[in-house]
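S.K.:
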Amino acid sequence: MLFAKDVPWRCLEGMSFSLFSTEEIRKLSVKAITNSNFLDSVGNVALNSLYDLALGPADTKEVCSTCCQDFNNCPGHFGHVELPLPVYNPLFFDRLYLLIRGTCLACHMLSCPRTAIHLL
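In the UniProt record's numbering, the protein residues as written are 1 to 120.
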């Protein structure tokens, strides 16, 4: 039997998901992605592009320039793209709609009772 009775069983008490802040993204990032070209004129990986070796090797013959590991051992590294305008995550549109709908247009305060705020 795969799960024997001697294996302790745990109950999940909670779980949460969150997003990185702008400051956290910049701290975790090893490279700013500023080049929209993937390859240079001779076919090599372009610097500051999505395939920059600082983000990790994209081919089995390459070595990461951040951790000096090969394709099999490098975990990959974060990069970031600076955008001129805010971009809203479409996965949060339903929550954003609820917040806007529950906001007073005169004072911009939430119009729902404090006990209901945690439900948003």
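All C-beta atoms in this analysis are idealised placements derived from N, C-alpha and C, irrespective of residue type, glycine included.
So V30 and A54 are in contact, right, with Cβ under 8 Å, and what is the actual spacing, rounded?
M.R.: Rounded, the Cβ-Cβ distance is 5 Å, consistent with contact.
S.K.: In this structure, what does DSSP give as the bridge partners for V42?
M.R.: DSSP output for V42 lists no bridge partner at all.
S.K.: With DSSP as the reference, identify every bridge partner of T103, one or two as the case may be.
M.R.: DSSP, once it has assigned bridges, lists L110 as partnering T103.
S.K.: Kindly indicate which three-state DSSP category K61 falls into: helix, strand or coil?
M.R.: It is coil, neither helix nor strand.
S.K.: Starting from the C-beta of N44, find all residues in its chain whose C-beta is less than 6 Å away, skip the five residues before and the five after it, and write them out in chain order.
M.R.: Excluding residues within five positions, none has a Cβ falling inside 6 Å.
S.K.: Identify the residues that DSSP records as bridge partners of H80: which are they?
M.R.: DSSP lists A32 as partners of H80.
S.K.: By alpha-carbon positions, which one of V63, T22 and G14 ends up nearest to P86?
M.R.: Comparing Cα-Cα distances from P86 to each of V63, T22 and G14, the minimum goes to T22.
S.K.: Considering only their Cβ atoms, is the gap separating A46 from H80 smaller than 9 Å?
M.R.: Contact flag unset, no.
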